[in-house]
Amino acid sequence: MSEPKPASVAVDGAKLRELRQLTGCTLAEFASTCAISTAYLSMIERGDRRRVSPRVYARICHGLKLTGQRQRRTLLKVAA
Numbered sequence: 003m004s005e006p007k008p009a010s011v012a013v014d015g016a017k018l019r020e021l022r023q024l025t026g027c028t029l030a031e032f033a034s035t036c037a038i039s040t041a042y043l044s045m046i047e048r049g050d051r052r053r054v055s056p057r058v059y060a061r062i063c064h065g066l067k068l069t070g071q072r073q074r075r076t077l078l079k080v081a082a
């Protein structure tokens with residue numbers, strides 16, 4: 003039997019880009035802050051990668067200083 007995949011989190015890439023730009027960070031700077039590759043962050047922001055691991059989501063929220071539950075929900079992709 004195979005191991006279950008860890009849960010993933012749907013992220014609003016456009017909102018992430020908007021918030022990152024408000025911090026004044028470049029794509030490369032913010033990727034470094036989050037300990038992910040620039041290419042991966044770019045894919046998330048463009049919507050090519052819509053889901054991320056909870057660990058990556060936590061790093062992104064930390065990088066954006068989204069600390070409370072309500073603030074962290076800002077990046078969640080809402081089903082239409």
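Residue numbers (this note's numbering): 3 to 82.
Backbone N, C-alpha and C fix where the C-beta goes; we use that ideal spot for every residue, glycine too.
Item                                                                                                                 : Value
Buried/exposed call for L24, threshold 16 Cβ in 10 Å                                                                 : exposed
Residues of its chain near F32, where Cβ-Cβ distance is below 8 Å and the 5 sequence neighbours each way are ignored : R22, T25, L43, G65
Proximity of L77 and I62 at Cβ, strictly below 9 Å                                                                   : yes
Start and end residues, alpha helix (DSSP H) containing L78                                                          : From DSSP, L78 is part of no alpha helix (DSSP H); its letter is neither H nor E.
Beta-carbon proximity check, A9 vs P56, cutoff 9 Å                                                                   : yes
Spatial distance of A30 from R75 (CA atoms)                                                                          : 24 Å
Strand pairing of V54, partner residues [DSSP]                                                                       : V11
Start and end residues, alpha helix (DSSP H) containing T40                                                          : 40-48
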